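Q: The following block contains the structure, expressed as structure tokens.
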Amino acid sequence: MNLKQKYGEWALVCGATDGIGKAFAEYFAANGLSVVLVGRRAEKLQALAEELEQGYGVKSMAVPQDLTADSASENLIKATESLDIGILNYVATFHKMGRYSHAAYPDIQKIIDININTYAKLLHHFTALFAARDRGAVVTMTSLTAVTASPYNAAYGAAKAFQLILTEGVAREFHDADVDILVITAGSTQTPDWFRNQPQGDIDNSQAMTPQEVVEEGMGMLGKANSYIVGRINQDAYKKYTAEMTRDEAAALMGSYFEEEYRDK
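Just so we're aligned, residue 33 is where the sequence shown starts under the numbering used here, counting upward by one.
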């Protein structure tokens, strides 16, 4: 598929600094799309922008932006209003492990702001824009934490569930239009955030996907599905959580992975 011809010249990558977001930016650039790179760390964004320009001969724009800010969506809409944005790619996220009642509420608010408020506003704006143009795509990342309760990661899982269900619903509203919407659900992925939130001690990453694997497999479903789980191990886990266990049992299993490390934090 020629992404540029089908959707437009630019991809807006929210959460492009590292991990899956960076892998998406590299994927889009390799496929001839210019990229708007959004994240908090200006120096890393600019370095990535230069790397993509030199490596792939595309244009790039680094837009430093804290996506938990109330004005984040409005700032990005204004920054990109003169560009032919063809793909909204929302990968940005924030979460902190621990018991919900022990968390500082400002951290919970950040989880809500970045995963729900900013995303919902951008999805609303760009789906309307794409509908008017009769072309465009949305590619959103969510998590297996969205499909069942996630003790010690509860607010994050709930926020990701919002993203999942909202995106699936909106995607169906566009089933008869030339606008492709895909929400990709991943499990353990070798990102800086994933390593940071693992329990202390040796980390077994043998079954965790790389960001590049997530992006390659997920993007293969754009235009073919509205919702897709990457990785056979994640697909099997989804079936186990939703078809073979009660919701209480699934929550207990999810909690068991982190209870020893996080129950007192």
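We treat Cβ as the ideally placed atom computed from N, Cα and C, and that holds for glycine.
Since the model is a prediction, treat every value here as computed from it, not as a measurement.
1) Mind listing, in chain order, the continuous alpha helix (DSSP H) runs of no fewer than 4 residues lying wholly within the region 136–173?
2) Check whether the region 87–98 touches the region 125–139, taking contact to mean three or more Cβ pairs, one atom from each stretch, closer than 8 Å.
3) Using a Cβ-Cβ distance under 7 Å, would Ala135 count as near chain D?
4) Return the chain-ordered list of same chain residues with a C-beta closer than 7 Å to the C-beta of Gln97, the five sequence neighbours on each side being excluded.
5) Have a look at Arg204 and Lys128 and give me their C-alpha separation to the nearest angstrom.
6) According to DSSP, is Ser118 helix, strand or coil?
7) Can you find at least 3 beta carbon pairs, one from the region 157–171 and one from the region 277–285, that sit closer than 8 Å?
8) What are the boundary residues of the alpha helix (DSSP H) that Thr199 is part of?
9) To which residues of the same chain is Val247 closer than 6 Å at the C-beta, ignoring the five residues directly before and after it?
10) Do the CB positions of Gly118 and Tyr188 come within less than 7 Å of each other?
11) Hey, quick one: how far does the beta strand (DSSP E) through Ala43 stretch, first residue to last?
12) Measure the beta-carbon distance from Leu65 to Lys36 and round it to whole angstroms, keeping in mind my assumption that it falls under 8 Å.
13) Comparing alpha-carbon positions, which option in Val67, Arg72, Glu75, Arg73 lies nearest Leu84?
14) If you count every other CB in all the chains shown that lies within 10 Å of the CB of Ser175, and 16 or more means buried, which is it?
15) Measure from the alpha carbon of Gln308 to the alpha carbon of each residue in Ala94, Ala218, Leu214, then state which is nearest.
16) Starting from Asp50, trace the beta strand (DSSP E) both ways and give me its first and last residue.
17) Val215 bridges to which residues according to DSSP?
18) Just to confirm my understanding: we take Tyr289, look at its own chain, exclude 5 residues before and 5 after, and list those with CB closer than 7 Å. What are they?
19) To the nearest angstrom, report how far apart Phe158 and Asp268 are at their CA atoms.
20) On the criterion of 16 or more Cβ atoms from any shown chain inside 10 Å, does Gly51 qualify as buried, or is it exposed?
21) What does a CB cutoff of less than 8 Å around Arg295 pick up in its chain, not counting 5 residues either side in sequence?
22) Check this for me: beta carbons of Tyr260 and Met251, under 7 Å apart or not?
23) Per DSSP, which residues does Thr221 bridge with? Please list them.
24) The alpha helix (DSSP H) with Leu254 in it runs from where to where?
25) Quick one: Cα of Phe126 to Cα of Lys142, how far?
26) Between the Cα of Cys46 and those of Tyr151, Ile144, Met33, spot the shortest distance and give me the residue it belongs to.
A: Taking the geometry as given:
1) For the region 136–173, whole alpha helix (DSSP H) runs of length 4 or above, ordered along the chain, are 137–144, 150–165.
2) No, the region 87–98 is not in contact with the region 125–139.
3) The structure shown contains no chain D; it holds only a single protein chain.
4) By one-based count along the sequence shown, residue 97 stands at place 65. Taken in chain order, the residues that qualify are Val70, Ala104, Asn107, Leu108.
5) Here the question's residue 204 lines up with position 172 in the sequence shown. Here the question's residue 128 lines up with position 96 in the sequence shown. One C-alpha to the other measures close to 32 Å.
6) What you label residue 118 is simply residue 86 of the sequence shown in a count that begins at 1. Reading off the sequence shown, one finds Gly at residue 118, where the question assumed Ser. Here Gly118 sits in strand by DSSP.
7) Taking one beta carbon from each stretch, the region 157–171 and the region 277–285 have fewer than 3 pairs nearer than 8 Å; the two do not touch.
8) Translated into the one-based positions of the sequence shown, residue 199 becomes position 167. Looking at the DSSP string, the run of the alpha helix (DSSP H) that includes Thr199 is 186–205.
9) Counted from its first residue, the sequence shown places residue 247 at position 215. Within the same chain, Ala55, Phe56, Tyr59 come within 6 Å of Val247 by CB-CB distance, once the 5 residues on both sides are set aside.
10) The residue you call residue 118 lines up with position 86 of the sequence shown. The residue you call residue 188 lines up with position 156 of the sequence shown. No, they are not a contact pair.
11) One-based indexing of the sequence shown puts residue 43 at position 11. Taken as a continuous stretch (DSSP letters only), the beta strand (DSSP E) holding Ala43 covers 42–46.
12) As a position in the sequence shown, residue 65 is number 33, starting the count at 1. As a position in the sequence shown, residue 36 is number 4, starting the count at 1. Correct: roughly 5 Å between the Cβ atoms.
13) Here the question's residue 84 lines up with position 52 in the sequence shown. Restricting attention to Val67, Arg72, Glu75, Arg73, the CA atom closest to the CA of Leu84 is found in Val67.
14) Indexing the sequence shown from 1 puts residue 175 at position 143. Counting the other CB atoms within 10 Å of its CB gives Ser175 a total of 16 or more, which places it among the buried residues.
15) The structure shown does not extend to residue 308, since the chain spans only 33 to 297, so no value can be given for it.
16) One-based indexing of the sequence shown puts residue 50 at position 18. No beta strand (DSSP E) holds Asp50; DSSP gives it neither H nor E.
17) Along the sequence shown, one-based indexing puts residue 215 at 183. Val215 pairs with Thr172, Ser259.
18) Walking along the sequence shown from the start, residue 289 turns up at place 257. Hits under 7 Å: none found.
19) Counting from one through the sequence shown, the residue named residue 158 turns up at place 126. Counting from one through the sequence shown, the residue named residue 268 turns up at place 236. One C-alpha to the other measures close to 33 Å.
20) On the sequence shown, position 19 is the one that residue 51 refers to. Flag for Gly51 reads buried.
21) For the purposes of this step, residue 295 is identified with residue 263 of the sequence shown, where counting begins at 1. Closer than 8 Å at Cβ, skipping near neighbours: Arg131, Tyr184.
22) Position 228 of the sequence shown, counting from 1, holds the residue named residue 260. Position 219 of the sequence shown, counting from 1, holds the residue named residue 251. No, Cβ-Cβ distance for Tyr260 and Met251 is not below 7 Å.
23) Translated into positions along the sequence shown, residue 221 becomes position 189. The partner list for Thr221 (beta bridge, DSSP) reads Met241.
24) Here residue 254 refers to the residue found at position 222 of the sequence shown. Unbroken run through Leu254: none, as it is neither H nor E.
25) As a working mapping, residue 126 is identified with position 94 in the sequence shown. As a working mapping, residue 142 is identified with position 110 in the sequence shown. C-alpha separation (whole angstroms): 7 Å.
26) Taking the first residue of the sequence shown as 1, we reach residue 46 at position 14. Nearest C-alpha to Cys46: Tyr151.
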